[in-house]
Amino acid sequence: MLATFVDRALALLDRRFLVGYWMPAFLFGLLLFFTAGWSLPWLGLTAADYFALQGLRLSGITLGLLFLVTLLAYLLRAFTRPIIRTYEGYWPWWRLQAWGIRRRQAAWRRLRQQREASARQNDRRRYGHLQARLYRDFPSREDRILPTRLGNVLRAAEDYSTTRYGLDGVFWWPRLEPLLPESLLARLEATFMGLVALLNLATLSVLYALLLLFNLLLCWRGCVTMGRDFWWWSWPLVAVLALVVAYVIYRGAVAQARAYGDLIRVAYDEHRFRVLEALHIARPQTPAEEHALWRRLSRWLYQQDLGAARALSYAWPRHAEEEADPTT
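Dropping the structure here:
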């Protein structure tokens, strides 16, 4: 039955949903299923009870459990943006956010000092290592630093087009993405869904730790009276272990974010002029002209500054001119 359900799910759901949301939810469901008698004593159903079922009851409970897993997967998808922003460091607690920013800024300054020292010592190997960390792990400006590793890795990729080309990455990315070649889009999608899957796994690990702590608070007095017949004392230990696992998964998500950021940089380096072609704007001739052009376009399209558009002129491709002129 499980194989049949999975086959139908594969037919109904796309690969992105299965990789990014359904599989993390399914793994979390398996963890709860095999530890239900220990971590969910108030549920009244254990794995041994499930395997003792037969017939329609077995089928009904199996479908019910798989439905709950699918529902959890849809909830994870609905909260994708809040989950990512939480790991990036966009927190409502401004004191905690300020503390995290100060820590990451101190790390950024320390890396820059070490890079300068390695340059003075002509230590090229260490200089290259430190430059790679600053390039991929931090934005170029100190005031743009966020309180988490993941937030800074993503912001470094986000700010790359602005510092190199004068192109606001947040504003122009939705206009560039549909123009990218299919091969690059497939790599971007696969890398991003891997990042989402890891963040969902880390989130569910934290949720499992919170569930164990909730159990400890819920039945504290009753568990104490049970003595050695009940392993209540292991809940906080396993909760700490779940938090450690969540942190390890989070560090894996940071590494995945670095790969995603590299692909974002490639997209801007190689394909940014496709946006100009779609807007029928002539390409700039120098880097300085390019900086000025992208800033002028941003003022026109984003800030509705019509004055910035007066200096622009359309550049139509030759085949379009020939179609417009019936004499050719």
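Under the numbering used here, the very last position in the sequence shown is 545; numbers go up by exactly one each time. A virtual CB, placed ideally from N, CA and C, is assigned to each residue, including glycine. Bear in mind the structure is a predicted one, so any value in this text is a computation, not a measurement.
Flag this pair as yes or no: are the beta carbons of PHE355 and ALA373 separated by less than 9 Å?
Taking C-beta atoms as the reference points, PHE355 and ALA373 count as a pair closer than 9 Å.
Do the segment 466 to 477 and the segment 414 to 421 meet, that is, are 3 or more Cβ pairs less than 8 Å apart?
Yes: the two stretches touch, three or more of their Cβ pairs being nearer than 8 Å.
So, are the CB atoms of ALA419 and VAL455 less than 9 Å apart?
No, they are not a contact pair.
Spatially closest choice to GLU487 from TYR382, TRP517, ALA334 and PHE431, by CA coordinates:
By alpha-carbon distance to GLU487, the top candidate from TYR382, TRP517, ALA334 and PHE431 is TYR382.
Best match in ILE300, LEU429, PHE243 and ARG482 for proximity to VAL457 [C-alpha to C-alpha]:
The residue with the shortest Cα to Cα distance from VAL457 is LEU429.
Buried or exposed: where does ASP446 fall if 16 or more other Cβ atoms within 10 Å of its Cβ makes it buried?
With a pLDDT of 45 at ASP446, under the threshold of 50, the modelled position of that residue is not reliable, and the figure given next carries that caveat. By the neighbour-count rule (16 or more Cβ atoms within 10 Å), ASP446 is not buried but exposed.
Nearest-angstrom Cα distance between LEU510 and PRO501?
The alpha-carbon atoms of LEU510 and PRO501 are separated by roughly 7 Å.
Give me, in chain order, the residues of the same chain whose beta-carbon lies closer than 7 Å to that of LEU367; leave out the 5 immediate sequence neighbours on both sides.
In chain order, TYR304, GLU305, ALA470, VAL471 and ALA474 place their CB closer than 7 Å to the CB of LEU367, counting only its own chain and leaving out the 5 sequence neighbours on each side.
Taking Cβ positions, are GLY411 and VAL286 nearer each other than 9 Å?
In this structure, VAL286 does not lie closer than 9 Å to GLY411 by Cβ.
Counted within 10 angstroms of its Cβ, other Cβ atoms place SER400 as buried (16 or more) or exposed
By the neighbour-count rule (16 or more Cβ atoms within 10 Å), SER400 is not buried but exposed.
Name the DSSP beta bridge partners of ILE362, please?
ILE362 pairs with nothing; no bridge assigned.
Residue-chain proximity (ARG294, chain D), Cβ-Cβ < 9 Å:
Any reference to chain D falls outside this structure, which holds one protein chain only.
Residue burial classification, ASN432 (beta-carbon count within 10 angstroms, cutoff 16)
Flag for ASN432 reads buried.
Within 9 Å, strictly: CB atoms of ARG491 and LEU393
ARG491 is a Cβ neighbour of LEU393, given a cutoff of 9 Å.
Using only CA atoms, which one of TRP239, LEU282 and TYR531 lies nearest to HIS497?
HIS497 has its Cα closest to that of TYR531, out of TRP239, LEU282 and TYR531.
Any beta strand (DSSP E) of 3 or more consecutive residues that is wholly inside the segment 413 to 496
Correct list: empty.
Closer than 7 Å by C-beta to VAL370: which residues in its own chain qualify, once you throw out the five before and the five after it? Chain order, please.
Once the five neighbours on either side are set aside, the close Cβ partners of VAL370 are ARG353, ASP354, VAL471, ALA474, ARG475 and GLY478.
Is the beta carbon of ALA350 less than 9 Å from the beta carbon of LEU328?
The question names Ala, but residue 350 in the sequence shown is Arg. Closer than 9 Å, so yes.
For the putative contact between PRO241 and LEU280, defined by C-beta atoms under 8 Å, what is the C-beta separation to the nearest angstrom?
Not confirmed; about 20 Å, so no contact.
Hey, how far is the Cα of GLU506 from the Cα of ILE362?
Taking the straight line joining both Cα atoms gives about 28 Å.
Among LEU460, LEU397 and LEU289, which residue has its Cα nearest to the Cα of TYR485?
If we check each option's Cα against that of TYR485, LEU397 comes out closest.
Classification of THR557 by the beta-carbon crowding that lies within 10 angstroms, buried from 16 upward
This structure cannot settle anything about residue 557, because the visible part of the chain is limited to 218 through 545.
Which class does TYR304 belong to by DSSP, given the choice of helix, strand or coil?
In the structure shown, the three-state DSSP call for TYR304 is helix.
Throw me the rounded Cβ distance for the TYR377 and ARG482 pair, which I believe falls under 8 Å.
That pair is a contact at about 5 Å.
Distance between LEU273 and MET218 (C-alpha atoms, nearest Å)
In this prediction, MET218 has a pLDDT of 42, which is less than 50 and means its spatial position is unreliable; nothing more can be read from the coordinates.
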